[in-house]
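Residue numbers (the working numbering): 13 to 126. Positions of the beta carbon are idealized from the N, C-alpha and C atoms, including for glycine. For reference, the structure is listed below as structure tokens.
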């Protein structure tokens, strides 16, 4: 695990990053089911915005406009990704924006990846 954090309003939610570039999430307030399944694991939606190398830091940030919290991760791939928990039941985590270093004639600049 490269880093982990919990948001202030939901201390039972834990998000962590791995050296393989994965972002993992759990709701530690849920219990395992009787068949040994992991109800605590929150599905993480991956895609083009997700990390490709080791996640080196995980932090939560408040969003006063939407009155919620977002997860910010950074990686050795040079990207910073902003993640959001799905509002209903906090049942999935998905990337909403990805920022990275982009080359420019005057040097590198931070830009939004689409």
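From residue i to residue j, what does the alpha carbon distance come to, in whole angstroms?
i	j	result
residue 87	residue 76	25 angstroms
residue 126	residue 112	At residue 126, the pLDDT of 39 sits below 50, so the modelled position is not reliable; the number obtained from the coordinates is stated separately. Rounded to the nearest angstrom, the two C-alpha atoms are 11 angstroms apart.
residue 64	residue 33	5 angstroms
residue 60	residue 17	23 angstroms
residue 29	residue 22	18 angstroms
residue 27	residue 71	9 angstroms
residue 100	residue 90	Bear in mind that a pLDDT of 48 at residue 100, under 50, signals an unreliable position, so the number given afterwards is only what the model happens to contain. Residue 100 and residue 90: Cα-Cα distance of roughly 31 angstroms.
residue 42	residue 104	14 angstroms
Going by beta-carbon coordinates alone, are residue i and residue j separated by less than 8 angstroms?
i	j	result
residue 57	residue 106	yes
Excluding the 5 residues preceding and the 5 following residue i in the sequence, name in chain order all residues of the same chain whose CB lies nearer than 6 angstroms to its CB.
i	result
residue 108	94, 96
residue 92	86, 111
So residue i and residue j are in contact, right, with Cβ under 8 angstroms, and what is the actual spacing, rounded?
i	j	result
residue 84	residue 73	6 angstroms
Residue i lies in the beta strand (DSSP E); which residues open and close that run?
i	result
residue 62	Note, residue 62: premise wrong, no beta strand (DSSP E); not H, not E.
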